[in-house]
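Here the protein sequences line up with chains A, B, C, D, E and F, keeping their order.
With the first sequence counted from 1, adding 203 to any position gets you this note's numbering.
With the second sequence counted from 1, adding 203 to any position gets you this note's numbering.
With the third sequence counted from 1, adding 203 to any position gets you this note's numbering.
With the fourth sequence counted from 1, adding 203 to any position gets you this note's numbering.
With the fifth sequence counted from 1, adding 203 to any position gets you this note's numbering.
With the sixth sequence counted from 1, adding 203 to any position gets you this note's numbering.
Protein chains: 6
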Amino acid sequence: MKTALFPGSFDPYTKGHESVVRRALSLFDKVIVVVGLNPDKRTLFSAEERRRQIAACHAGDKRVEVCVWDGLTVDLAREKGAGFILRSVRSVADYEYERNMAQVNDVLSHHTVETVLLLAEPGQEALQSSVVRELLSHGQDVSAFVPQAVLPLLVKSDQSK
Amino acid sequence: MKTALFPGSFDPYTKGHESVVRRALSLFDKVIVVVGLNPDKRTLFSAEERRRQIAACHAGDKRVEVCVWDGLTVDLAREKGAGFILRSVRSVADYEYERNMAQVNDVLSHHTVETVLLLAEPGQEALQSSVVRELLSHGQDVSAFVPQAVLPLLVKSDQSK
Amino acid sequence: MKTALFPGSFDPYTKGHESVVRRALSLFDKVIVVVGLNPDKRTLFSAEERRRQIAACHAGDKRVEVCVWDGLTVDLAREKGAGFILRSVRSVADYEYERNMAQVNDVLSHHTVETVLLLAEPGQEALQSSVVRELLSHGQDVSAFVPQAVLPLLVKSDQSK
Amino acid sequence: MKTALFPGSFDPYTKGHESVVRRALSLFDKVIVVVGLNPDKRTLFSAEERRRQIAACHAGDKRVEVCVWDGLTVDLAREKGAGFILRSVRSVADYEYERNMAQVNDVLSHHTVETVLLLAEPGQEALQSSVVRELLSHGQDVSAFVPQAVLPLLVKSDQSK
Amino acid sequence: MKTALFPGSFDPYTKGHESVVRRALSLFDKVIVVVGLNPDKRTLFSAEERRRQIAACHAGDKRVEVCVWDGLTVDLAREKGAGFILRSVRSVADYEYERNMAQVNDVLSHHTVETVLLLAEPGQEALQSSVVRELLSHGQDVSAFVPQAVLPLLVKSDQSK
Amino acid sequence: MKTALFPGSFDPYTKGHESVVRRALSLFDKVIVVVGLNPDKRTLFSAEERRRQIAACHAGDKRVEVCVWDGLTVDLAREKGAGFILRSVRSVADYEYERNMAQVNDVLSHHTVETVLLLAEPGQEALQSSVVRELLSHGQDVSAFVPQAVLPLLVKSDQSK
Numbered sequence: 204m205k206t207a208l209f210p211g212s213f214d215p216y217t218k219g220h221e222s223v224v225r226r227a228l229s230l231f232d233k234v235i236v237v238v239g240l241n242p243d244k245r246t247l248f249s250a251e252e253r254r255r256q257i258a259a260c261h262a263g264d265k266r267v268e269v270c271v272w273d274g275l276t277v278d279l280a281r282e283k284g285a286g287f288i289l290r291s292v293r294s295v296a297d298y299e300y301e302r303n304m305a306q307v308n309d310v311l312s313h314h315t316v317e318t319v320l321l322l323a324e325p326g327q328e329a330l331q332s333s334v335v336r337e338l339l340s341h342g343q344d345v346s347a348f349v350p351q352a353v354l355p356l357l358v359k360s361d362q363s364k
Numbered sequence: 204m205k206t207a208l209f210p211g212s213f214d215p216y217t218k219g220h221e222s223v224v225r226r227a228l229s230l231f232d233k234v235i236v237v238v239g240l241n242p243d244k245r246t247l248f249s250a251e252e253r254r255r256q257i258a259a260c261h262a263g264d265k266r267v268e269v270c271v272w273d274g275l276t277v278d279l280a281r282e283k284g285a286g287f288i289l290r291s292v293r294s295v296a297d298y299e300y301e302r303n304m305a306q307v308n309d310v311l312s313h314h315t316v317e318t319v320l321l322l323a324e325p326g327q328e329a330l331q332s333s334v335v336r337e338l339l340s341h342g343q344d345v346s347a348f349v350p351q352a353v354l355p356l357l358v359k360s361d362q363s364k
Numbered sequence: 204m205k206t207a208l209f210p211g212s213f214d215p216y217t218k219g220h221e222s223v224v225r226r227a228l229s230l231f232d233k234v235i236v237v238v239g240l241n242p243d244k245r246t247l248f249s250a251e252e253r254r255r256q257i258a259a260c261h262a263g264d265k266r267v268e269v270c271v272w273d274g275l276t277v278d279l280a281r282e283k284g285a286g287f288i289l290r291s292v293r294s295v296a297d298y299e300y301e302r303n304m305a306q307v308n309d310v311l312s313h314h315t316v317e318t319v320l321l322l323a324e325p326g327q328e329a330l331q332s333s334v335v336r337e338l339l340s341h342g343q344d345v346s347a348f349v350p351q352a353v354l355p356l357l358v359k360s361d362q363s364k
Numbered sequence: 204m205k206t207a208l209f210p211g212s213f214d215p216y217t218k219g220h221e222s223v224v225r226r227a228l229s230l231f232d233k234v235i236v237v238v239g240l241n242p243d244k245r246t247l248f249s250a251e252e253r254r255r256q257i258a259a260c261h262a263g264d265k266r267v268e269v270c271v272w273d274g275l276t277v278d279l280a281r282e283k284g285a286g287f288i289l290r291s292v293r294s295v296a297d298y299e300y301e302r303n304m305a306q307v308n309d310v311l312s313h314h315t316v317e318t319v320l321l322l323a324e325p326g327q328e329a330l331q332s333s334v335v336r337e338l339l340s341h342g343q344d345v346s347a348f349v350p351q352a353v354l355p356l357l358v359k360s361d362q363s364k
Numbered sequence: 204m205k206t207a208l209f210p211g212s213f214d215p216y217t218k219g220h221e222s223v224v225r226r227a228l229s230l231f232d233k234v235i236v237v238v239g240l241n242p243d244k245r246t247l248f249s250a251e252e253r254r255r256q257i258a259a260c261h262a263g264d265k266r267v268e269v270c271v272w273d274g275l276t277v278d279l280a281r282e283k284g285a286g287f288i289l290r291s292v293r294s295v296a297d298y299e300y301e302r303n304m305a306q307v308n309d310v311l312s313h314h315t316v317e318t319v320l321l322l323a324e325p326g327q328e329a330l331q332s333s334v335v336r337e338l339l340s341h342g343q344d345v346s347a348f349v350p351q352a353v354l355p356l357l358v359k360s361d362q363s364k
Numbered sequence: 204m205k206t207a208l209f210p211g212s213f214d215p216y217t218k219g220h221e222s223v224v225r226r227a228l229s230l231f232d233k234v235i236v237v238v239g240l241n242p243d244k245r246t247l248f249s250a251e252e253r254r255r256q257i258a259a260c261h262a263g264d265k266r267v268e269v270c271v272w273d274g275l276t277v278d279l280a281r282e283k284g285a286g287f288i289l290r291s292v293r294s295v296a297d298y299e300y301e302r303n304m305a306q307v308n309d310v311l312s313h314h315t316v317e318t319v320l321l322l323a324e325p326g327q328e329a330l331q332s333s334v335v336r337e338l339l340s341h342g343q344d345v346s347a348f349v350p351q352a353v354l355p356l357l358v359k360s361d362q363s364k
């Protein structure tokens with residue numbers, strides 16, 4: 204069984220993320236979306252809220268799993284038996300970041316985890332969580348950027364960042 | 204069955220190319236290395252010579268197939284039932300080229316072929332066929348850059364470019 | 204009438220910014236310099252101080268307007284009847300950022316606002332507000348980087364960041 | 204009157220080029236599409252064929268002019284009274300090329316010609332003439348990439364490159 | 204005597220930094236490693252801890268000096284009689300940053316200080332202090348990334364960031 | 204004695220090249236400008252013409268040597284006892300090319316030759332030989348781009364490329 208981890212912040216989960224997972228399912232038997240926990244980085248949505256957004260988006264598809272993780276990605280890969288880290292690239296800056304992370308994960312996993320890159324869909328390069336957060340902070344409609352199933356989960360009782 | 208095309212010039216086949224195929228075999232059931240025929244581009248080795256280099260390198264591995272093709276990659280994908288195009292990225296320039304080709308192939312295949320990118324191994328970013336050709340033209344040893352099985356096939360009776 | 208918004212932080216306003224506005228006035232009938240209000244980002248100068256720097260720099264030129272705005276740029280464009288967003292590019296990183304913002308603003312404005320890019324003048328690529336702030340924090344002379352009219356407005360009674 | 208030169212190879216003219224001209228017409232009173240003549244570079248279509256493609260595409264719009272030019276762009280700018288050079292950017296590589304050309308043209312024109320950059324439309328970054336030529340050489344349909352009015356002009360009696 | 208300043212954060216000092224200093228010693232008579240003091244940036248190790256790491260790594264080599272500095276680099280260059288600023292480049296993003304800093308330092312030093320760039324060693328592009336900090340925060344072994352002499356100095360009584 | 208090779212095409216030698224050599228002389232005891240001979244690449248000036256341009260520019264400075272070479276740069280380094288290859292960087296594309304060449308030369312020289320990069324002077328990034336050739340082909344004045352001593356050597360009896 205070919206399993207890939209898809210780690211990220213997903214603050215919130217966007218149509219761009221959904222597209223990556225959907226396309227990756229033609230390649231892997233299981234894709235585990237990994238919500239990163241970074242105590243130094245303030246997020247708009249809590250890890251649990253983000254986990255629920257992703258679960259709602261892929262509800263009913265047994266090949267997609269979601270989990271929250273605050274350790275090294277390669278440690279989770281070992282635990283889950285995942286041989287691949289899946290990442291998406293939208294820009295030159297993304298590419299350089301991914302190259303560095305792939306080199307580090309290659310060393311840390313003793314060459315047992317391979318990084319696989321998919322490209323953002325044409326016209327979706329700008330589809331970033333930071334843009335969605337900016338729009339939400341101005342009370343704007345984000346339905347062009349966020350999967351249908353995630354939209355109701357963006358309403359927060361306390362939306363102050 | 205998951206089949207990927209790995210198109211390129213392979214003039215000649217390098218350790219970098221071999222590394223991509225080897226790693227891709229953990230992801231795909233079959234990798235078809237596609238030697239491109241470009242009548243406008245002079246090559247050091249003929250298409251048949253390059254085909255033989257690749258075949259020699261992966262001899263005995265039934266999961267690797269080699270072929271020469273002078274049409275569109277997406278047409279070969281349809282013919283071979285391949286859902287993926289495999290490419291390797293070594294640099295920002297590579298990345299931008301691959302992004303463009305992926306967009307074109309996405310349109311031409313009506314979204315039926317997905318481009319999958321692997322990264323060059325750390326320290327192998329400079330491992331290009333053009334470097335090997337340059338070294339060969341100066342009669343230098345290229346065993347650091349070319350797979351063992353390919354080395355005997357680099358000797359040409361007529362090596363004038 | 205062709206009106207362009209020129210949004211930015213302008214913390215503080217530099218000769219690079221002034222050059223963009225001056226050159227843009229050959230292209231547009233009016234340029235509105237928009238001081239962005241970002242509650243999450245600490246600035247050295249208050250929005251009002253920055254507004255006054257820009258006004259001082261372009262005093263007497265009716266084609267230049269300054270305003271402070273804390274909403275989406277496309278909303279201000281609609282309000283002001285501006286069909287263009289003007290931005291300057293100094294580097295590859297700038298270019299990728301502008302491409303993303305242009306895509307987002309294109310979607311948000313329903314294709315009614317066009318992003319126009321001017322290049323930094325040769326030799327001025329490094330002329331960034333962050334450099335000026337760094338120099339100010341060390342009590343250095345910044346007259347090589349800041350317009351003459353802005354210099355007196357950089358002296359702060361309380362300059363502690 | 205604000206006049207911009209839009210120089211390029213246009214071998215052939217694509218929907219991407221048409222989009223740049225159409226959007227530029229909201230900015231300039233006249234756009235002159237300049238077909239470059241480069242004796243060192245083989246083209247698929249002759250300068251006259253390319254001129255006719257562009258003319259066909261913008262037929263009836265008096266604000267668009269087409270001409271063939273084999274001199275320096277800044278010399279044509281002086282002759283035509285054009286204060287702007289219009290260029291489109293699709294990639295980081297494009298951006299660096301444009302930055303260089305803009306610096307050179309700034310020196311050669313004694314700072315009288317300004318370069319204005321528009322971005323490729325989202326999803327059209329890969330829409331290049333070289334792709335269209337490749338498709339034509341394989342006898343493929345290019346109607347997704349070339350303006351309707353240009354299509355009949357792509358059929359050549361002698362299509363050998 | 205040719206003296207170079209090598210300014211940085213060094214939080215902590217890595218094998219990549221050590222490699223730059225070692226190679227630079229074939230070029231310069233003295234290399235002064237300058238630990239930057241930035242009151243706005245939280246670091247894992249104090250300036251004094253970082254100074255001690257670097258001193259331990261190059262102990263016994265009189266050509267390497269270490270100091271802590273909170274002013275402009277060009278002011279320290281004047282004070283130390285250093286005509287060069289030494290920097291290392293690992294990526295396109297690094298390169299653009301260095302180009303900007305070099306332009307600024309060229310202006311500030313009235314063209315008396317030259318910036319010299321060395322490249323990261325092949326396979327070490329990802330060897331960044333931020334990666335080491337991340338590994339330390341998860342209690343991981345970092346001996347692959349940090350010089351032998353520095354390892355004992357990474358143990359902190361109070362390691363809470 | 205610290206000797207650096209400065210290899211390139213120099214077709215023709217520009218103020219940008221001269222600036223690199225002049226600045227490098229503060230770093231090295233000797234700089235050997237190496238005119239590359241590439242039989243596959245047509246040049247405007249012959250190797251001997253280029254050699255004479257460079258010699259004229261640095262006449263009287265014993266620290267600058269010029270030679271023509273058609274072998275590997277690392278072989279010339281060994282022959283000349285040069286421990287350094289000097290290169291200049293003007294752009295991201297240049298940087299990636301230099302990184303690759305440095306990796307290759309590091310392998311080929313068994314780690315005995317170090318690549319040192321200087322940055323193009325601010326405002327001179329566009330100062331390329333190709334621009335000068337283009338201007339010459341249109342009979343334009345190039346005194347802004349070419350050293351005074353080289354100008355008389357650009358006049359050719361037969362200037363057809």
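Virtual Cβ for every residue (Gly too), placed ideally from N, Cα, C.
Just so you know, these numbers come straight off a predicted model, no measurement behind them.
Reduced DSSP category for D:Asp-329 - H, G, I as helix; E, B as strand; rest coil: This sequence places Ala at residue 329 of chain D; Asp is not what is there. Reduced to three states, the DSSP call for D:Ala-329 is coil.
Comparing the C-beta of C:Val-295 with each C-beta of chain F, is any distance below 9 angstroms? yes
Is it buried or exposed, D:His-220, if we count other Cβ atoms within 10 angstroms and call 16 or more buried? With 16 or more other Cβ atoms within 10 Å, it is buried.
Please list, in chain order, the chain E residues whose beta carbon lies closer than 8 angstroms to that of B:Gly-326. Pro-325, Gly-326
Specify, as a first and last residue, the run of the beta strand (DSSP E) that B:Lys-233 falls within. 233-239
Compare the Cα-Cα distances from C:Glu-268 to each of C:Gln-256, C:Arg-336, C:Gln-343 and report the closest residue. The shortest Cα separation from C:Glu-268 among C:Gln-256, C:Arg-336, C:Gln-343 belongs to C:Gln-256.
So the candidates are A:Asp-232, A:Lys-218, A:Ser-229, A:Val-238; which of them puts its Cα closest to the Cα of A:Pro-210? A:Val-238
Closer than 8 angstroms is the cut-off here; do at least three beta carbon pairs connect the stretch 303-311 of chain F with the stretch 326-346 of chain B? yes
Just to confirm, is the Cβ distance from E:Gly-222 to E:Glu-324 under 9 angstroms? The amino acid occupying residue 222 of chain E in the given sequence is Ser; Gly does not appear at that position. Closer than 9 angstroms, so yes.
Chain F contacts made by the stretch 249-279 of chain D, where a contact means CB separation under 7 angstroms: Gly-274, Leu-275
Anything in the stretch 342-353 of chain E with a Cβ closer than 9 angstroms to a Cβ of chain A? List those residues in chain order, please. Gln-343, Ala-347, Phe-348
Let's see if you can read the secondary structure: which residues bound the alpha helix (DSSP H) around E:Ala-347? Premise fails: E:Ala-347 is in no alpha helix (DSSP H) and is neither H nor E.
Mind pulling the chain E residues with CB within less than 7 angstroms of C:Val-334? Chain-order list of chain E residues neighbouring C:Val-334: Val-307, by C-beta distance under 7 angstroms.
Should C:Ser-291 be labelled buried (16 or more other beta-carbon atoms within 10 Å of its own) or exposed? buried
Closest Cβ-Cβ distance between E:Leu-408 and chain A: below 9 angstroms? Given a span of 204 to 364 for chain E in the structure shown, any question on residue 408 of chain E remains unanswerable.
Is the stretch 223-230 of chain F touching the stretch 268-279 of chain F in the sense that three or more CB pairs, one from each, lie closer than 8 angstroms? no
Proximal chain C residues relative to D:Ser-229, where beta-carbon distance stays under 7 angstroms: Ordered by position in chain C, the residues that pass the 7 angstroms Cβ test against D:Ser-229 are Gly-286, Glu-317.
Backbone secondary structure at A:Ala-207 - three-state DSSP: strand
At a cut-off of 8 angstroms, is C:Gln-331 close to the ligand FAD when judged by its beta-carbon and the heavy atoms of the ligand? Within the structure as shown, the ligand FAD is missing, as the structure has no ligands at all.
How would you write the range of the beta strand (DSSP E) that C:Leu-320 sits in, first residue to last? Membership of C:Leu-320 in the beta strand (DSSP E) is indicated by the continuous run 317-322.
Of all the CB atoms in chain A, is at least one closer than 9 angstroms to the CB of E:His-220? By this cut-off, E:His-220 is not an interface position.
Please determine if the stretch 273-285 of chain A and the stretch 258-267 of chain E are in contact, where contact requires at least 3 C-beta pairs separated by less than 8 angstroms. no
Let's test the definition: count the other Cβ atoms within 10 Å of the Cβ of F:Val-224 and tell me whether it reaches 16, buried, or not, exposed. buried
Between the Cα of E:Leu-240 and the Cα atoms of C:Val-319, C:Leu-356, C:Glu-337, which residue gives the shortest distance? The candidate whose alpha carbon is nearest that of E:Leu-240 is C:Glu-337.
Please tell me whether B:Glu-282 has its Cβ less than 9 angstroms away from any Cβ of chain D. With 9 angstroms as the cut-off, B:Glu-282 does not count as an interface residue toward chain D.
Please name the residue, chosen from E:Leu-208, E:Val-358, E:Leu-357, that lies closest to E:Glu-282 on a Cα-to-Cα basis. E:Leu-208
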